[in-house]
Each structure stands twice: as structure tokens, then as C-alpha cells.
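Since the structure comes first, as C-alpha cells, the remarks are kept for the end.
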Amino acid sequence: MDEFMAEIDPNDGGDGWLSTDERELFRALASECIEHTLTRIGIRDGDYHRGGEGVSWKNTSWEEDGVEIEEFNITPPRHSKIKDCTSAFGNDCEEVPVVPDENRDCDTAFSASDGVDECRVQLWLNSTMTIPGVVDGNQFTLVLNASNMTRASLEFNFPVTQDLRLDMWEECEGRDVSFEEESSIPAPIRGTCLGDGSSTHTLEVNSDGSLRFTVMPDADFADWPLGEDLFADFTTQPIPVDDPPVWTDGAPIDGAWFPSPSGGEHIWADWDEVSSWFSDEGGVSQLDISCTGAPSLELTEGADRSWWAEIPRGAPGEVSCEAVDPAGQSSGERTWNLGVPFSISSSETTLSDPHPISISPTSEWPELELELGLNQDGQSSPSVTVTFTGEAVVELRHRTPCPARSTSGSELRETRMFTRWSTSMTSPGQGVLTSIDDDNRYRMGWVTVVDAGAVQRPRRGVSRIRDVHRRLADRFGELDGEHVVDP
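When we follow numbering that gives the first Met the number 0, the leftmost residue of the sequence shown carries the number 0, and every step to the right adds one.
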């Protein structure tokens, strides 16, 4: 503050002392400046929502002349080093050192043995916001962009509204804070946010019956920069009946198959998928989702609530899952199969035309339909579809490359899986393009290298079912969310 004042008045600031004149000038300037800053607060009435395309949460502003900066202890009146100074405004003037000495004696009324930090300084803001477009105070969503906020406290006093209550509070972590200011912010699905607990809130009833809502963001400095959005849904509607959680229409049916690219430790369901399987009035993130299976599966839930398993290389393993709400009510269990559906290899290490590809199904898996083709540098050969229950050899041609084909629309959506040939082949980068089409196949991530018949997996892939027919679709991505770049 002393350095800032030196830029405004070199005769006053920058001398290592902070005066009551400088304090009052700073308060006045800060109040005027803050009036022109973003509030970080948005309020929208109507149905609960989390924003999305075409929705801007920047719909509040500070009221002109409605911002006041208050302070505590900037110029402690009982500082051991306090002295008189000359006021530029004809006021009484006192000043204290900007930096306390080693004794930190900023208040002579306290003894060092009291353990009080006498030199602590606090600043806070009293203000009035304008909220255009909000006409219904009976149901609304309040959002705070709490990114990079530490040891902050925001207090909201709402007008008296009969039966107003907080319906849901969510702490949503990890938003990319590198977005340009006017860029649309991805909207989370209500009730699915995972918070780290750094932000808390309280709700109190004032003497006049109004509500005081206090939000306290406190992110660790070590986590900066990190995006965090806080959502609070308010309503006057009665508290809904606490029903058990239910399976959604998009959840895997009982007996579904979860294919993995190879045996070993894999994520077989990430939180984006798991959170779409259940519905509950209290929010999916509040559910205890448990999965059980044979000890050999080594089922574990990660910190991000993804589910991991030691995928068996032979016969599939069974896993049963359910969701339980805070009242102990269950969705009921569904049982699925985890495993490796087939292996793919080639007996030829030199690319030929046609080129033989061997496919071997894993025991106990149902009949599979695969679509295969050769791909190189983004160009694909005509694909071949094969339905098999036993070992099969498919001849693939590659002399006439064509653009990789994908299908999209309301009925199906498809992204194909690549298996990479080793560089020992005559055409480095040549690959096999495959996809699986069958009901009840829910997920597969597959990035393999074929080298003289040996199948390896150099990196994890992620895939999801995206269409109403539950057609298996592969989408490659690193665990940090970046796309896998075709070399």
C-alpha cells in the first residue's frame, strides 16, 4: 500500500511509514475501482441449472457509490512506534512503520505472552449489487467463481421470503481457468460435482426472518491456478420425499459386458460414466457407490471416484454395483462382466496385400461382430466386418487408401480403434482399424502395438458409449484429458 501511494503522491508514500491519510485515500480509491470489476457472482431465477451454451453467469454488477472498503488495524492506534504526522487535508494524522520490528508490538495493550498477532490486518467489503433480469425470488441459483480464492468470506443477506431454503450446495473443482473471459464455460451436470472440501458455507436465519448465506472459499495457495465454481440452489418448494436412488435409462443393464483392451490394472468406469448411471434428489455426488467382486479383481475406487480393476486375461470376472444414499436406501445391485473380449495379431511382420489378421475370442464371451480395416497417416482402406465365436483370419487390403470413415447421427455414433504395427514393418505407422458392434457392450479403450504376433499396450485409452443403441465406441485420450495425437 505504501508503494502504491508513492505512485500517486511521491511526497507522501514510499517512505516506509503508513499514515491515516494514506489509509483513507486508499479506501476511497479502492471503493471506486472495485465498482468497475467483475463481481464473480451470478444469480439466475427459474429452474435450477449450471449454465451452459448461451448462458453467461456474469449478470451482476456493483451498484454505483454502493461499495465501501472497511479495515482493521492498518494503522494500529496503540502501536509502540506510532507518531504524529502532517496531514495534507488538515486532519489529525498519525503514522506507523510499514514493516513491524522483531517484537511485533502493534498494540501496547497486549502482552506478547497472550499469543495474539497484534499486527494482523483485515480488509472487507460492504456493497450492494444490481441483479438485472431476476424477477422470481422463490427459486434461483447463485454461483460464485471461487477460483484462486483463499481465506475469503462472502456474506449474502436475502430479502425476507417465506419458506426460502437451500436445496443443494455444490463445490465444482478443476475448471480450466485459461479460458478467455468471453469464452463459454463448460456446465457441470447438477448433483455430480466432486469438491475437495476447501470451500464451506453456513446458513442462518436473521431476526427479521430473512436468510444469511455465508460462503468461505479457502483454496490452498499451492493449488493456484485452479478453477472452482460454487453453486447454491434456493427454493420455497417443500423438501422432496427422500426416495431411494434409481438407475437411469442410460445405465448398463444387468448382465452387461465391459470390455478392456488387455489384462492388468485398468479404469473400467470413470466418474463421468458412473455419475450418469444414477438419479437421486440429493445429488449423485452424495451417493455411496460400491462395487464388489472376486478378490482377484482388486476393485478400488480412485480419489476422482473412477473405478479400477485388475482385468482378467482369461475368463471374464463378475462385478456387482449399487448406490446407497445418506439415509441408507439402495438402488439395488446390477451385475456385469469385466474382461478382454479378444486378441488380435498377425503372423506376418512385413506388410503384404492382402495382409492376414488373426482374431482370437476369449472364452465365455458372447458372439462378437468386428469391423476391421487398415489405417495409415489418417487414411483408411475399405473395412471388413466379421462375426465370430472362434478363431478367425481376416485378409485386409491396403493399396487404395481412403479417408477414415465415421458414422454419426441420432441412431449411432462410432469412433474406431487403432492397433499400431511395429516400425520393423516395411510401412511404418500402418495400423489395423477395428470397431465392435453389439448390444450390452459398454466401454473399451484400446491402443495396441502388434509386433510379430505379440500385443502390447503403450498407453491408456478411454472410450465411452455415446448413443441410444449402446454401440461400442472408442475415443482415445490421456488421463489428463488431452487427445491422443496420431503420429
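For each residue, glycine too, the CB sits at the ideal point set by N, CA and C. Quantities reported herein were computed from a predicted structural model and do not represent experimental measurements.
Beta-carbon proximity of residue i to residue j, cut-off 8 Å
i, j, result
"Trp306", "Ala231", "no"
"Gly173", "Leu225", "yes"
"Gly389", "Pro360", "yes"
"Pro244", "Asp324", "yes"
"Ser274", "Val283", "yes"
"Gly338", "Glu309", "no"
"Val120", "Ile81", "no"
"Ser259", "Trp267", "yes"
"Arg49", "Arg189", "yes"
"Ser261", "Ala314", "no"
"Ser18", "Glu93", "yes"
"Glu203", "Ser146", "no"
"Ala391", "Ile343", "no"
"Gly194", "Cys171", "yes"
"Gly292", "Leu286", "no"
"Ser86", "Asp1", "no"
"Trp489", "Glu69", "Examination of residue 489 is not possible in this model, given that the chain is present from 0 through 486 alone."
"Arg77", "Ala111", "no"
"Ser330", "Trp270", "no"
"Leu504", "Phe387", "This structure cannot speak to residue 504, because the chain is shown only from 0 to 486."
"Arg164", "Phe233", "yes"
"Pro75", "Gly15", "no"
"Asn144", "Arg39", "yes"
"Asn336", "Trp223", "no"
"Thr349", "Glu370", "no"
DSSP state of residue i mapped onto helix, strand, coil
i, result
"Leu296", "helix"
"Leu371", "strand"
"Ile252", "coil"
"Asp1", "helix"
"Thr433", "In this prediction, Thr433 has a pLDDT of 41, which is less than 50 and means its spatial position is unreliable; nothing more can be read from the coordinates."
"Thr129", "strand"
"Asp242", "coil"
"Phe88", "coil"
"Ser284", "helix"
"Thr386", "strand"
"Met443", "Unreliable placement is indicated for Met443, whose pLDDT of 43 sits below 50; the coordinate value is still reported in the next sentence. Three-state DSSP puts Met443 in coil, outside helix and strand."
"Arg39", "coil"
"Ala268", "strand"
"Cys32", "helix"
"Phe109", "coil"
"Leu273", "At residue 273 the sequence reads Val, which differs from the Leu that was named. Note: Val273 maps to helix in three-state DSSP."
"Arg26", "helix"
"Glu6", "helix"
"Ala322", "strand"
"Ala186", "coil"
"Asp485", "Because Asp485 sits at a pLDDT of 36, beneath the cut-off of 50, its placement in the model cannot be relied upon, and the following sentence gives the value as read from the coordinates. DSSP places Asp485 in coil when its eight states are reduced to three."
"Ala302", "coil"
"Asp222", "helix"
"Thr349", "coil"
"Thr422", "Because the pLDDT of Thr422 is 21, which lies under 50, any placement of that residue in the model is unreliable, and the number read from its coordinates should be weighed accordingly. Reduced to three states, the DSSP call for Thr422 is coil."
"Glu366", "coil"
"Thr291", "strand"
"Gly50", "coil"
"Gly65", "strand"
Beta carbon proximity, residue i to chain D, threshold 8 Å
i, result
"Leu37", "In the structure shown, chain D does not exist; there is a single protein chain."
Beta-carbon separation (whole angstroms), residue i vs residue j, contact threshold 8 Å
i, j, result
"Gly51", "Ala186", "4 Å"
"Glu394", "Pro353", "4 Å"
"Cys320", "Arg333", "6 Å"
"Val133", "Asp44", "5 Å"
"Thr235", "Gln138", "7 Å"
"Ile130", "Thr213", "Actually they are not in contact, since the Cβ atoms of Ile130 and Thr213 sit about 19 Å apart, beyond 8 Å."
"Asp100", "Arg150", "The pair is not a contact, with the Cβ atoms about 25 Å apart (cut-off 8 Å)."
"Pro239", "Glu272", "So it is not a contact: roughly 26 Å between Cβ atoms."
Those residues which DSSP pairs with residue i across a bridge
i, result
"Arg164", "Thr234"
"Asp228", "Asn144, Cys171"
"Pro533", "In this structure the chain extends from 0 to 486, so residue 533 is not present and cannot be described."
"Thr213", "Glu154, Thr201"
"Gln121", "Phe71"
"Gly263", "Ile310"
"Arg82", "For the record, residue 82 in the displayed sequence is Lys; it is not Arg. DSSP output for Lys82 lists Glu94 as bridge partner(s)."
"Trp56", "For Trp56, which the question treats as bridged, DSSP gives no partner whatsoever."
"Leu17", "Val95"
"Asn336", "Trp256, Glu317"
"Asp44", "Phe139"
"Cys522", "Lying before the first or after the last residue shown, residue 522 is absent from the chain, which here runs from 0 to 486."
"Pro355", "Glu394"
Open item on the list: Measuring CB atoms only, is the region 62-78 touching the region 27-47, in the sense that at least three cross pairs come out at less than 8 Å?
Closed with: yes
Open item on the list: Could you check whether the region 146-158 touches the region 103-111, counting it as contact only if at least three pairs of C-beta atoms, one from each stretch, sit closer than 8 Å?
Closed with: no
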